[in-house]
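Below is one structure, written out as structure tokens; comments come after it.
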Amino acid sequence: MGLPLSAGGITSTTSSGTTFSGNFITSGRSSPRFGRRARVLCDYDARDVDELNLTSDEIINVRDPGDGNTDYYLGEKGILKGRVPRAFLEVLDD
30 MGLPLSAGGI
40 TSTTSSGTTF
50 SGNFITSGRS
60 SPRFGRRARV
70 LCDYDARDVD
80 ELNLTSDEII
90 NVRDPGDGNT
100 DYYLGEKGIL
110 KGRVPRAFLE
120 VLDD
């Protein structure tokens, strides 16, 4: 499902909402494939290769995974995609 990659290094967010982290950039706007944006409430270290690492206060794109699992969203951070626990997110778009 997700890629077994994680972003390392420094994360920063510009005033326009663009987040620079590791080797990828996310715009803070919803991607056409992912309908909602979510703010990460606290850091999360992925526990499996199909999960994403999360950093507090970053904005990611999310959608329901479609597999009936209510504990996770499918998340997108730049080119990275993977499962993210719903408990660590505040959904910004409805």
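Going by my numbering, the sequence shown runs without a break in its numbering and finishes at 123. We put the beta carbon where it would ideally sit given N, CA and C, even for glycine. The structure displayed is predicted, hence computed values, not measured ones.
Determine the direct distance from the alpha carbon of residue j to that of residue i, and round the result to whole angstroms.
{"i": "residue 106", "j": "residue 97", "result": "22 angstroms"}
{"i": "residue 65", "j": "residue 104", "result": "10 angstroms"}
{"i": "residue 85", "j": "residue 95", "result": "26 angstroms"}
DSSP has residue i in a bridge; who is on the other side?
{"i": "residue 80", "result": "112"}
{"i": "residue 118", "result": "69"}
{"i": "residue 90", "result": "66, 105"}
Would residue i be called buried (16 or more neighbouring beta carbons within 10 Å of its own) or exposed?
{"i": "residue 89", "result": "buried"}
{"i": "residue 76", "result": "exposed"}
{"i": "residue 78", "result": "exposed"}
{"i": "residue 116", "result": "exposed"}
Can you name the start and end residues of the beta strand (DSSP E) that residue i belongs to?
{"i": "residue 105", "result": "101-106"}
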